[in-house]
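J.: I am attaching a structure below and will ask some questions about it afterwards.
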Amino acid sequence: MTLVIRPVVPADGPAMVGLLHQLGYTAWQGPAVEANLTRLLATGNDPVLVAERDGRPVGLMGLHMFHALNYAYRVARITALVVDEGERGTGLGRMLVDAAEELARRGGCEALELTSGMHRPKAHEFYRRIGFNDQALRFHRPIAPL
């Protein structure tokens, strides 16, 4: 069984939709994901990686690299991380996080962070196990469009 972690390509859109649905992001559909992917990749600061086993996408990771007012250094934030339900527990999540860290390092970042929904305690255990620590509680407030 061959496992490859590679940059996303437009043909990955349908697989990305399926993986994002596993995280509960069911509003995403093919054209919306593809349009968002095109916008992200155009920034140069938002790489997306796909984990592919035997030609089938089984995981994805999105990263955002940025400067923030409250940090004296550049930071990378994992914006999405999902491993297909049938692949969880195989080390694939750790490989995607390691790949994110390498991208962040090459992008001049000095820290890697992420947020995770309060309803995902197994994910929180995983993040702690691989070296992340609890530092903040994220709040979210939707903004109505103009």
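For the record, in the sequence shown the residue sitting at position 68 is 68 according to full-length UniProt numbering, with numbers rising by one throughout.
In this text, a Cβ means the ideal position worked out from N, Cα and C, and glycines have one as well.
From a predicted model like this one, the values you see are computed outputs, not experimental measurements.
#1: Let's test the definition: count the other Cβ atoms within 10 Å of the Cβ of Asp134 and tell me whether it reaches 16, buried, or not, exposed.
#2: Exposed or buried, Asp54, counting other C-beta atoms within 10 Å across all chains shown (16 or more means buried)?
#3: Taking C-beta to C-beta, are Ala123 and Gly117 nearer than 9 Å?
#4: Restricting to runs no shorter than 3 residues, where is the beta strand (DSSP E) found entirely within the segment 99-127?
#5: Measure the CB-CB distance between Thr90 and Val83 and report whether it falls below 9 Å.
#6: Sort out for me which residues DSSP pairs Met61 with in a bridge.
T.: Straight from the coordinates:
#1: exposed
#2: exposed
#3: yes
#4: 109-114
#5: yes
#6: Leu49, Leu81
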